[in-house]
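Undergrad: Before I ask anything, let me first share the structure, which is written out below as structure tokens.
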Amino acid sequence: MTDKELIELAKKAGNNSYSPYSHFKVGAALLAKDGRVFCGCNVENVSFGAANCAERTAVFTAIAQGCREFEKIAVSGMREGEEYQKTMPCGICRQVLSEFCTPSFEVITEKDNELSKTTLAELLPFSFKSF
Ligand code: THU
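In this note's numbering, the protein residues as written are 201 to 331.
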């Protein structure tokens, strides 16, 4: 699965975004080590704190299907009616990703048809690992 194919799946998932409050549509496509892809979108709520990000929707969907090993995630984000913009996982999503993914796990996003790629290690250095 190429990064481009994965971001296209993220965009498709973003079409299902339920975001009547922020009007910001996010999609995520999570590639598992076994080749499966789990998609998610952001799901907002009138009680704002109950919202769920696209990345966590994708991770929780995978976990619920018994899948726990991942290679990379593509994230698409766009204000309704505008172009896609670089969209990186929020702090809570970075923490959730760090529960299941190695530091070399890749995070891909796209703007103006150009992909940018980083790693979980870069996004969440010195992460909390045990207690
Ligand atoms: N959002 C995501 O789905 N993923 C992110 O990484 C950042 C933010 C959502 C949450 C909310 O529904 C909207 O984008 C605006 O913050």
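We treat Cβ as the ideally placed atom computed from N, Cα and C, and that holds for glycine.
Would you kindly work out how many angstroms separate the C-alpha atoms of ASP312 and THR257, rounded to a whole number?
TA: If I take the Cα positions, the gap works out to 25 Å.
Undergrad: Buried or exposed: ALA250, going by 16 or more other Cβ atoms within 10 Å of its Cβ?
TA: Exposed is the call here.
Undergrad: Might you give, ordered along the chain, the residues of its own chain that have their beta carbon closer than 7 Å to the beta carbon of ARG341, omitting 5 neighbours on each side?
TA: As shown, the chain starts at 201 and ends at 331. That puts residue 341 outside it, with no answer to give.
Undergrad: Give a yes or no on whether the C-beta atoms belonging to GLU314 and TYR284 are separated by under 8 Å.
TA: Cβ distance not < 8 Å, so GLU314 and TYR284 don't count as in contact.
Undergrad: Ignoring anything shorter than 4 residues or poking outside the segment 225-273, list the alpha helix (DSSP H) runs there in chain order.
TA: Runs of the alpha helix (DSSP H) inside the segment 225-273: 254-264.
Undergrad: Which same chain residues, not among the five before or five after ILE263, have their C-beta less than 8 Å away from its C-beta?
TA: PHE300, listed in sequence order.
Undergrad: By how many angstroms is the C-alpha of GLN295 removed from the C-alpha of LYS211?
TA: In a straight line, the C-alpha of LYS211 is about 23 Å away from that of GLN295.
Undergrad: Cβ atoms of ALA228 and ALA213: under 8 Å apart, would you say?
TA: Yes, they are a contact pair.
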